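For reference, the structure is listed below as structure tokens.
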Amino acid sequence: MEATDKKCVYVLEDNANIADIIEFLLVEELYEVKVCKNANAFWKEMQAHTPDMIVLDVILPDANGLDICTKLKKDIRTHRIPVMMMSGNNHLNKVKSKCDADSYINKPFDLNDFMQRVDYYSHIA
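Sequential numbering from 1 applies to the sequence shown in UniProt numbering.
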């Protein structure tokens with residue numbers, strides 16, 4: 001697979017341990033990965049390049065992941081990018097009612113389940 005054929009996944013996650021695990025998993029599966037620790041860094045990356053998928057934490061130091069998801073889904077330029085919300089509070093029904101993400105996953109998550117979702121959604125973009 002050539003570098004240009006790689007699917008690109010942006011990960012917006014402020015917990016360094018979780019971000020490192022996700023990045024390692026995705027790189028091992030030959031994805032191009034951009035990890036952003038905060039919303040400011042994420043929006044700068046979004047201006048530079050459009051990813052094939054976004055993995056988005058709900059609780060961030062400088063923003064609410066639900067608001068970011070809503071903004072992405074309402075923007076004509078980004079509404080087709082699949083978004084997977086991650087939540088550590090096990091209130092996924094509340095999360096689902098507040099944003100129109102393509103997938104939702106609780107932390108801690110099963111690594112195989114996570115990769116199956118990324119493989120599916122990153123290839124329908």
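All C-beta atoms, glycine included, are put in the ideal place defined by N, C-alpha and C. Here the structure is a predicted model, which means the values were calculated and not measured.
Asked: Closest by C-alpha distance to residue 132, when choosing among 78, 68, 76; Found: Past the edges of the chain, shown from 1 to 125, lies residue 132, and the structure says nothing about it.
Asked: Within the stretch 27 to 105, ranges of the beta strand (DSSP E) (whole runs, at least 3 residues); Found: 32 to 36, 53 to 57, 83 to 87
Asked: Rounded distance between the beta-carbons of residue 83 and residue 111, thought under 8 Å; Found: That belief does not hold up - the Cβ atoms of residue 111 and residue 83 are roughly 20 Å apart, past 8 Å.
Asked: Host alpha helix (DSSP H) of residue 109 (start-end); Found: No alpha helix (DSSP H) contains residue 109, which DSSP labels as neither H nor E.
Asked: Residue 77, buried or exposed, once every other Cβ within 10 Å from all chains shown has been counted against 16; Found: exposed
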